[in-house]
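Student: Residue numbers (this note's numbering): -19 to 432. Idealized CB from N, CA, C, for every residue including glycine.
(1) Would you mind stating whether residue 367 and residue 313 have Cβ atoms separated by less than 7 Å?
(2) With the cut-off set at 7 Å, would you say residue -11 and residue 403 are in Cβ contact?
(3) Tell me the rounded alpha-carbon separation between residue 140 and residue 427.
(4) If the criterion is Cβ atoms closer than 7 Å, does the pair residue 162 and residue 295 meet it?
(5) With DSSP as the reference, identify every bridge partner of residue 37, one or two as the case may be.
(6) Going by beta-carbon coordinates alone, are residue 393 and residue 136 separated by less than 7 Å?
(7) Give the straight-line distance between the Cα atoms of residue 340 and residue 39, rounded to the nearest whole angstrom.
(8) Report yes or no: do three or more beta-carbon pairs, one from the region 381 to 399 and one from the region -3 to 7, lie closer than 8 Å?
(9) Whose CA, out of 216, 58, 27, 76, lies closest to the CA of residue 45?
(10) Check for me: the beta strand (DSSP E) holding residue 434 runs from which residue to which?
(11) Within this structure, are the beta carbons of residue 230 and residue 79 separated by less than 7 Å?
(12) Near residue 309, which residues of its chain fall below 7 Å by C-beta distance, leaving aside the five closest residues on each side in sequence?
(13) Considering only residues of the same chain and omitting the five flanking positions on each side of residue 103, which have a CB-CB separation below 6 Å?
(14) Kindly provide the ranges of any beta strand (DSSP E) runs that are 3 or more residues long and lie completely inside the region 123 to 193, ordered along the chain.
(15) Measuring CB to CB, does residue 89 end up less than 7 Å from residue 170?
(16) Can you check the region 202 to 251 for any alpha helix (DSSP H) of at least 4 residues that lies completely inside it and give the ranges in chain order?
(17) Are three or more beta carbon pairs between the region 381 to 391 and the region 42 to 62 nearer than 8 Å?
(18) Less than 7 Å between the C-beta atoms of residue 328 and residue 251, yes or no?
(19) Rounded to a whole number of angstroms, what is the C-alpha to C-alpha distance between residue 242 and residue 207?
(20) Note the first and the last residue of the continuous beta strand (DSSP E) segment covering residue 351.
(21) Leaving out five residues on either side along the sequence, give the residues of the same chain with a beta carbon under 7 Å from the beta carbon of residue 303.
(22) Buried or exposed for residue 255, going by 16 or more other Cβ atoms inside 10 Å?
(23) Let me confirm a value: residue 11 is counted as buried when at least 16 other C-beta atoms fall within 10 Å, else exposed. Which label applies?
(24) Would you tell me roughly how many angstroms separate the C-alpha atoms of residue 157 and residue 333, rounded to the nearest one?
(25) On the CB-based measure, 16 or more other CB atoms within 10 Å of its CB, does residue 323 come out buried or exposed?
(26) Buried or exposed, going by whether 16 or more other CB atoms sit within 10 Å of the CB of residue 239?
(27) Determine the burial state of residue 69: buried for a count of at least 16 other Cβ atoms within 10 Å of its Cβ, exposed for fewer.
(28) What is the residue span of the beta strand (DSSP E) that residue 100 lies within?
(29) Could you compute how far the alpha carbon of residue -1 sits from the alpha carbon of residue 220?
(30) Could you tell me the distance, in whole angstroms, from the CA atom of residue 297 to the CA atom of residue 152?
(31) Beta-carbon separation of residue 28 and residue 290 under 7 Å?
(32) Measure the alpha-carbon distance for residue 22 versus residue 56 and round it to whole angstroms.
(33) Would residue 407 and residue 356 qualify as a contact pair, given that the criterion is a beta-carbon distance under 7 Å?
(34) Figure out for me which residue from 105, 61, 167 has the closest Cα to the Cα of residue 26.
(35) If you compare alpha carbons, which of 411, 94, 244 is closest to residue 160?
(36) Which residues mark the beginning and the end of the alpha helix (DSSP H) in which residue 399 is found?
This is how it looks when you write it as structure tokens:
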């Protein structure tokens, strides 16, 4: 084993959207920070699995409820022609969506980490966690240099699958009442699409699309998202358990991202299941390419331009924290005194055991709070959570898992970790008023009034 790596205040495991914002915010708040990522690039599901576009920074009523570092990233992308910014969701499922170019995002994220002084280690996986007296003493890493015991004062689990919290012994749960998780999806892009023909078909066949689709506004709005073609999907009789197609336009003008494949009944934390899912997902991609070319107007001359490096994973382990956010909290737009992030995305559950999607919308088009206690695991005192593995129920995770929410959670986790190191306290002892003050100074949207 190589010699120990020491002297880091905050160690962030996982370089996806939550890990990126966690590391930047920890460093900007004065902590010597390391970010560890298993791939050779940053971005997590946004880049490796082509999770596109980002949905959503707004509530259904149009209020922007996610700002801060997440918004800064969007603006940096805009400056590099890597995003048009926030656009209306023409499906009407959410108020807005945010297209971005994944290759530009990979570079922008690295630039922002470098500017903040974060040390980044790619091609590196965590393979074990050493705990002592309810604290992480070290994380064993593996990469081309061999194995290394990484030590730090505070750790942030942004692995998506809660690998660090799981290996440290924090309690967890997974899936619905039958322990089944939401299906996985192999996403892919097609180029050579004639979107004018897609729009024309939509205007002439309104009943074939999602009921909230903004068809009457398509002459004014850019076409960003399409859900439907129900009749054509039914005629094709594919083996994939869905009721219609879903795709998003961009980043190129003649390009779309297709989110239709569905691999159900497998556990993404089981290596054999995940292997089977990768194979099944890629078979479905070829089946879908043939379907789109033969059935969907505008795709006659289109072809696959990119397939995800890995299958997209919606749900795995959820760590049980000091509070477990539930579906009623979300739908009632509940406020919490220890709010550290907000979200306006509805509950969006892809059926773990068959067809269909269950969607439940937040009361009065509002937004809900994510409390600090949801990122504080039980038992482990120097660990925080960021991303889809935070403490929620199966239902609430179906909204907190979305990328902008994860970005906001990551910013809060990084800031909290830096505070904990500075004042030498455990995770549950981080002063909430100081954390909220710093987040507000960093332009995070917490929805607090002066009286609060």
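Tutor: In short:
(1) For residue 367 and residue 313, no; Cβs fall outside 7 Å.
(2) No; because the gap between Cβ atoms is not below 7 Å, this pair is not in contact.
(3) Roughly 26 Å between the two C-alpha positions.
(4) Closer than 7 Å, so yes.
(5) According to DSSP, residue 37 bridges with nothing at all.
(6) Their beta carbons are under 7 Å apart, which means residue 393 touches residue 136 by this criterion.
(7) The alpha-carbon atoms of residue 340 and residue 39 are separated by roughly 14 Å.
(8) Result yes; three or more Cβ-Cβ pairs closer than 8 Å.
(9) Looking at 216, 58, 27, 76, the one whose alpha-carbon comes closest to that of residue 45 is 76.
(10) This structure leaves residue 434 out entirely; the chain is present only between -19 and 432.
(11) Cβ atoms of residue 230 and residue 79: closer than 7 Å.
(12) The residues are 348, 376.
(13) Contacts found: 20, 123.
(14) Residue ranges of uninterrupted beta strand (DSSP E) with 3 or more members, entirely inside the region 123 to 193 and ordered along the chain, are 126 to 137, 152 to 154, 168 to 171.
(15) No, Cβ-Cβ distance for residue 89 and residue 170 is not below 7 Å.
(16) For the region 202 to 251, whole alpha helix (DSSP H) runs of length 4 or above, ordered along the chain, are 210 to 216.
(17) The region 381 to 391, when compared against the region 42 to 62, does touch it at the 8 Å Cβ threshold.
(18) Residue 328 is not a Cβ neighbour of residue 251, given a cutoff of 7 Å.
(19) When rounded, the separation of the alpha-carbon atoms in residue 242 and residue 207 is 15 Å.
(20) From DSSP, the beta strand (DSSP E) with residue 351 extends over 348 to 351.
(21) For residue 303, where only same-chain residues beyond five positions count, the Cβ hits under 7 Å are 351, 353, 354, 371.
(22) Residue 255 comes out exposed.
(23) Only buried fits residue 11, as 16 or more other CB atoms lie within 10 angstroms of its CB.
(24) Answer to the nearest angstrom: the Cα atoms are 12 Å apart.
(25) For residue 323, the number of other beta carbons within 10 angstroms of its own is at least 16, and it is reported as buried.
(26) That one is buried.
(27) With 16 or more Cβ atoms within 10 Å of its Cβ, residue 69 is classed as buried.
(28) Where residue 100 is concerned, the enclosing beta strand (DSSP E) starts and stops at 99 to 101.
(29) Going from the Cα of residue -1 to the Cα of residue 220 covers about 33 Å.
(30) Each residue's Cα considered, the two are about 6 Å apart.
(31) The answer is yes: Cβ separation under 7 Å.
(32) So the two alpha carbons sit approximately 16 Å from each other.
(33) The Cβ atoms of residue 407 and residue 356 sit closer than 7 Å to each other.
(34) Checking every option, the nearest Cα to that of residue 26 belongs to 167.
(35) Out of 411, 94, 244, 244 has the C-alpha closest to the C-alpha of residue 160.
(36) Unbroken alpha helix (DSSP H) run through residue 399: 383 to 403.
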